[in-house]
Structures are given as C-alpha cells and as structure tokens.
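Right, one structure below, let's go through it.
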Amino acid sequence: ETGVTQSPTHLIKTRGQQVTLRCSSQSGHNTVSWYQQALGQGPQFIFQYYREEENGRGNFPPRFSGLQFPNYSSELNVNALELDDSALYLCASSFGRETYEQYFGPGTRLTVT
Amino acid sequence: GQQLNQSPQSMFIQEGEDVSMNCTSSSIFNTWLWYKQDPGEGPVLLIALYKAGELTSNGRLTAQFGITRKDSFLNISASIPSDVGIYFCAGQVHAGGTSYGKLTFGQGTILTVHP
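Printed below as a string of structure tokens:
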C-alpha cells in the first residue's frame with residue numbers, strides 16, 4: 160500500500176509569484192485535504208476535494224485554489240504569494256465525503272522571500 | 022471560530038515515566054483524533070475516537086473522548102526515547118457544508134524523553 164506523497168519537498172519563491180504544490184493520495188482513498196502549518200503551530204485547514212469537487216473550505220482567501228484529478232491526486236495553487244504564506248503545506252488523504260481519519264503526507268516546505 | 026486548547030505546551034520526562042496530556046474546546050466535536058509529528062515530517066495518526074466516553078488503546082497509548090464532547094485525553098505509559106515528538110489533538114464536527122473534512126488542531130504538546 161502506497162502512502163501519501165507530496166512534491167516538491169522544499170520550495171523557495173519570491174513575493175508576488177505563484178506556486179503549485181502536488182499530492183498523490185494513499186491507494187484506495189478518494190478524498191484529499193490541504194492544510195497550512197506555520198512554525199510552532201498546529202495545521203490549519205485550507206480546503207478538501209472529494210470526487211474532483213471542492214467539498215469544504217477553511218478561512219483562506221481565494222488566491223488559494225486547488226484541483227483534484229480523476230486519479231484522486233491533487234494540486235494546491237497559491238497566487239500572489241505573501242511573506243506570511245511561508246509554511247509547511249500538508250496534504251491528507253481519506254476515503255469518503257465525511258472523512259474522519261485523515262492520513263498525512265510529509266509536506267512541502269514553502270519559503271517566500 | 023472553534024479553538025482547541027492543548028496542555029501542557031511541553032513536557033520533559035524520564036524514560037519509563039507515564040505521560041498525560043489533554044485537549045479542551047469551547048464547542049462540541051463529534052470526532053477526536055490524536056496525531057504525532059516528528060521534525061520535518063507530516064502528522065501520523067495514533068488514535069481516533071468517535072463516541073462520548075469512549076476509551077481506546079493503541080499499544081502503550083490510551084485516549085479518551087470526554088463525556089461533554091468538549092475534551093479529550095491522551096496517556097502514554099512507560100515512555101521510551103522514540104516517543105519524542107509533538108503530539109496534536111484534532112477535532113471534527115460532522116456538520117457538512119463548508120465543514121466537510123475540516124480537522125481543527127490544537128497547538129501541540131512537545132514531548133522530550135530523557136534516557
């Protein structure tokens with residue numbers, strides 16, 4: 160069984176640029192959730208995708224957007240990067256729309272300068 | 022919005038000691054989960070709780086879903102050096118709408134185990 164994978168591992172971007180992060184869900188899972196984890200904090204929910212549609216969204220601005228593909232992999236896109244976007248971005252996969260047990264990938268460390 | 026208060030913020034213990042940490046909320050959750058995160062890695066699910074009053078074990082770990090549904094507790098017995106890490110509680114409300122999939126996390130408890 161393959162776990163959740165994310166790419167890239169690390170990324171450095173400049174303020175104002177755009178970034179795309181990628182996630183492959185665990186085999187058998189059809190739901191992907193994205194979280195932002197600032198240093199020293201718990202993860203904050205960004206949004207969730209189920210069957211290629213946004214299924215729930217946290218308190219993040221529209222410049223945070225996502226996609227889910229037919230193979231259930233997912234992308235997180237962030238436009239107009241700000242310094243405060245520097246964080247660890249975590250992807251979690253699960254099965255079903257009402258997802259309780261979520262399994263996390265290793266994350267992508269984004270640094271905005 | 023929903024807030025989870027996790028305590029203690031950090032713990033320094035000797036190998037072999039038992040550990041207790043807890044999580045409280047001002048609002049009700051329908052599911053409680055406990056995760057462990059090692060530096061540079063994603064959180065790993067330890068225990069999931071679904072019913073008020075439920076007590077669940079996973080090896081040396083035991084967690085409880087509080088009767089009021091506003092709190093949860095995690096105990097680690099006979100700690101070992103590999104227990105070192107950050108422990109997070111997370112709650113979920115089964116309300117649907119924009120709440121689908123949302124886990125609300127606590128701030129974490131940093132555990133250090135001295136050999």
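If you're matching them up, the sequences are chains P and S in order. Heads up, the first sequence is in my numbering, so the first residue is 160 and it goes up one at a time. Heads up, the second sequence is in my numbering, so the first residue is 22 and it goes up one at a time. Note that CB positions come from ideal geometry on N, CA and C, so glycine has one too.
What are the partner residues of residue i, as DSSP defines its beta bridges?
| i | result |
| --- | --- |
| residue 268 of chain P | P:169 and P:247 |
| residue 263 of chain P | P:251 |
| residue 191 of chain P | P:208 and P:252 |
| residue 57 of chain S | S:65 and S:108 |
| residue 50 of chain S | Partner(s): none; residue 50 of chain S has no beta bridge. |
| residue 213 of chain P | P:208 |
| residue 181 of chain P | P:166 and P:234 |
| residue 43 of chain S | S:28 and S:94 |
| residue 224 of chain P | P:236 |
| residue 139 of chain S | Because residue 139 of chain S is not part of the residues shown, which for chain S are 22 to 136, the question remains open. |
When DSSP labels each residue in this structure, what does residue i get in the three-state scheme?
| i | result |
| --- | --- |
| residue 104 of chain S | helix |
| residue 124 of chain S | coil |
| residue 95 of chain S | strand |
| residue 82 of chain S | strand |
| residue 198 of chain P | coil |
| residue 240 of chain P | coil |
| residue 27 of chain S | strand |
| residue 89 of chain S | coil |
| residue 161 of chain P | coil |
| residue 37 of chain S | coil |
| residue 176 of chain P | coil |
| residue 219 of chain P | coil |
| residue 129 of chain S | coil |
Hey, how far is the Cα of residue i from the Cα of residue j?
| i | j | result |
| --- | --- | --- |
| residue 226 of chain P | residue 132 of chain S | 36 Å |
| residue 80 of chain S | residue 186 of chain P | 26 Å |
| residue 68 of chain S | residue 40 of chain S | 16 Å |
| residue 53 of chain S | residue 224 of chain P | 27 Å |
| residue 268 of chain P | residue 166 of chain P | 10 Å |
| residue 101 of chain S | residue 135 of chain S | 9 Å |
| residue 243 of chain P | residue 37 of chain S | 41 Å |
| residue 90 of chain S | residue 130 of chain S | 20 Å |
| residue 51 of chain S | residue 176 of chain P | 39 Å |
| residue 88 of chain S | residue 260 of chain P | 21 Å |
| residue 74 of chain S | residue 205 of chain P | 30 Å |
| residue 218 of chain P | residue 125 of chain S | 12 Å |
| residue 213 of chain P | residue 191 of chain P | 10 Å |
| residue 232 of chain P | residue 184 of chain P | 6 Å |
| residue 209 of chain P | residue 255 of chain P | 7 Å |
| residue 30 of chain S | residue 198 of chain P | 14 Å |
Would you decide whether residue i is buried or exposed? Buried here means 16 or more other CB atoms lie within 10 Å of its CB.
| i | result |
| --- | --- |
| residue 57 of chain S | buried |
| residue 49 of chain S | exposed |
| residue 109 of chain S | buried |
| residue 127 of chain S | buried |
| residue 103 of chain S | exposed |
| residue 65 of chain S | exposed |
| residue 97 of chain S | buried |
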